[in-house]
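**Q** Residue numbers (numbering that gives the first Met the number 0): 0 to 228. Even glycine gets a Cβ: it sits at the ideal position worked out from N, Cα and C.
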Amino acid sequence: MKPADAAEGSAAKGVTLTQLAPHVWMHTSTGTADGNPVPANGLLLETSKGIVLIDTPWNDSLTEQLMTQIKKRFPGKRMTDAIVTHAHDDRIGGLNTLYKYGVKVHSTKLTADFARQQGYDRPLGDLKNVTKLKFGDMKIETFYPGKGHTEDNMTVWLPEDKLLFGGCLIKALETKEIVPTPGFYPDKWPRAVRKVMKRYQDISIVVPGHGSPGDDRLLPHTISLLKET
Numbered sequence: 000m001k002p003a004d005a006a007e008g009s010a011a012k013g014v015t016l017t018q019l020a021p022h023v024w025m026h027t028s029t030g031t032a033d034g035n036p037v038p039a040n041g042l043l044l045e046t047s048k049g050i051v052l053i054d055t056p057w058n059d060s061l062t063e064q065l066m067t068q069i070k071k072r073f074p075g076k077r078m079t080d081a082i083v084t085h086a087h088d089d090r091i092g093g094l095n096t097l098y099k100y101g102v103k104v105h106s107t108k109l110t111a112d113f114a115r116q117q118g119y120d121r122p123l124g125d126l127k128n129v130t131k132l133k134f135g136d137m138k139i140e141t142f143y144p145g146k147g148h149t150e151d152n153m154t155v156w157l158p159e160d161k162l163l164f165g166g167c168l169i170k171a172l173e174t175k176e177i178v179p180t181p182g183f184y185p186d187k188w189p190r191a192v193r194k195v196m197k198r199y200q201d202i203s204i205v206v207p208g209h210g211s212p213g214d215d216r217l218l219p220h221t222i223s224l225l226k227e228t
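(1) Report the three-state DSSP secondary structure of Thr221 (helix, strand or coil).
(2) Using the C-alpha atoms, what's the distance from Gly165 back to Val155?
(3) On the three-state DSSP scale, how would you describe Gln200?
(4) How many angstroms separate the CA atom of Thr107 from the CA atom of Asn128?
(5) Start and end of the alpha helix (DSSP H) containing Leu65?
(6) With a floor of 3 residues, list each beta strand (DSSP E) that falls wholly inside the stretch 76-139, ordered by position along the chain.
(7) Is the beta carbon of Lys187 closer than 8 angstroms to that of Leu217?
(8) By DSSP, does Val178 sit in helix, in strand, or in coil?
(9) If Ala86 sits next to His105, beta carbons under 8 angstroms apart, how far is it from one beta carbon to the other, in whole angstroms?
(10) For Asp201, which option in Leu157, Val178, Lys226 has the closest C-alpha, if you only look at C-alpha atoms?
(11) Tell me where the beta strand (DSSP E) around Pro185 begins and ends.
(12) Buried or exposed: where does Gln64 fall if 16 or more other Cβ atoms within 10 Å of its Cβ makes it buried?
(13) Measure how close the beta-carbons of Trp57 and Gly13 come, nearest whole angstrom, since I'm counting them as under 8 angstroms.
(14) Check Ala39 in the structure and name its three-state DSSP category.
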């Protein structure tokens with residue numbers, strides 16, 4: 000069942016796909032926060048066994064649009080699995096659509112519990128603090144660095160592409176300030192980012208939850224913003 004207060008997305012803008020690596024695309028959809036349009040990023044991974052999604056678009060309508068694009072772009076392949084990095088609408092707003100298509104949704108236990116509290120069917124809750132996964136020919140590592148943007152935020156690492164999906168834990172270079180949101184941890188957030196920096200020291204691409212992808216400069220930039228929060 001979809002929560003009544005799930006974020007409304009912009010169907011007019013739809014979902015855009017931007018290729019970042021040979022088998023990696025960034026999906027971007029626009030929702031609203033406090034009445035303002037907010038684009039949000041996730042990833043689409045093409046593996047030898049099927050498509051893997053990192054975070055849903057803002058809502059079910061936009062997630063249906065993404066499913067349509069997948070059918071056209073990857074004929075003969077279906078989405079088999081998804082990973083959600085925390086329990087905000089810009090990450091889990093399309094869960095019901097994923098369940099409709101039989102997609103396995105992976106998350107930490109914390110994110111699964113939060114999603115259920117919001118009225119969604121519970122994701123698997125199978126991811127630990129560090130989990131190494133393999134979908135077909137693609138290796139993925141998920142990492143929970145501790146509290147920051149939310150209590151449950153985590154990152155996703157693609158070792159073959161040296162690509163880090165920072166999600167909302169990491170801010171884009173064009174972001175000039177961190178706006179306080181309910182349930183964030185400004186005192187613990189810098190430590191979480193430093194743990195990511197320590198774990199991944201050979202990063203080529205960083206994808207933030209909002210804004211433009213970049214390189215590893217996004218991580219110290221996020222820490223700098225937090226000093227001003």
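**A** On the basis of the supplied data:
(1) The count along the sequence shown starts at 1 and reaches residue 221 at position 222. Helix at Thr221.
(2) Here residue 155 refers to the residue found at position 156 of the sequence shown. Here residue 165 refers to the residue found at position 166 of the sequence shown. Cα-Cα distance, rounded: 7 angstroms.
(3) Walking along the sequence shown from the start, residue 200 turns up at place 201. Of the three classes helix, strand and coil, the one that applies to Gln200 here is coil, per DSSP.
(4) In the sequence shown, the residue the question calls residue 107 occupies position 108. In the sequence shown, the residue the question calls residue 128 occupies position 129. Cα-Cα distance, rounded: 8 angstroms.
(5) Against the sequence shown, residue 65 aligns to sequence position 66. 59-72 is the extent of the alpha helix (DSSP H) around Leu65.
(6) 78-82, 103-105, 129-134
(7) As a first step, residue 217 must be located in the sequence shown, where it is residue number 218. As a first step, residue 187 must be located in the sequence shown, where it is residue number 188. Not a contact, by the Cβ cut-off of 8 angstroms.
(8) To locate residue 178, count along the sequence shown from 1; it is residue 179. Note: Val178 maps to coil in three-state DSSP.
(9) The count along the sequence shown starts at 1 and reaches residue 86 at position 87. The count along the sequence shown starts at 1 and reaches residue 105 at position 106. Actually they do not touch by this definition, with Cβ atoms about 13 angstroms apart.
(10) Taking the first residue of the sequence shown as 1, we reach residue 201 at position 202. The shortest C-alpha separation from Asp201 is found at Leu157.
(11) In the sequence shown, residue 185 corresponds to position 186, counting from 1. From DSSP, Pro185 is part of no beta strand (DSSP E); its letter is neither H nor E.
(12) Position 65 of the sequence shown, counted from the start, is the residue given in the question as residue 64. Answer is buried; the Cβ neighbour count reaches 16.
(13) Sequence index remark: in the sequence shown, residue 57 carries index 58 (1-based). Sequence index remark: in the sequence shown, residue 13 carries index 14 (1-based). That pair is no contact at about 11 angstroms.
(14) Taking the sequence shown and counting its residues from 1, one reaches residue 39 at position 40. In the three-state reduction of the DSSP assignment, Ala39 falls in the strand class, which pools E and B.
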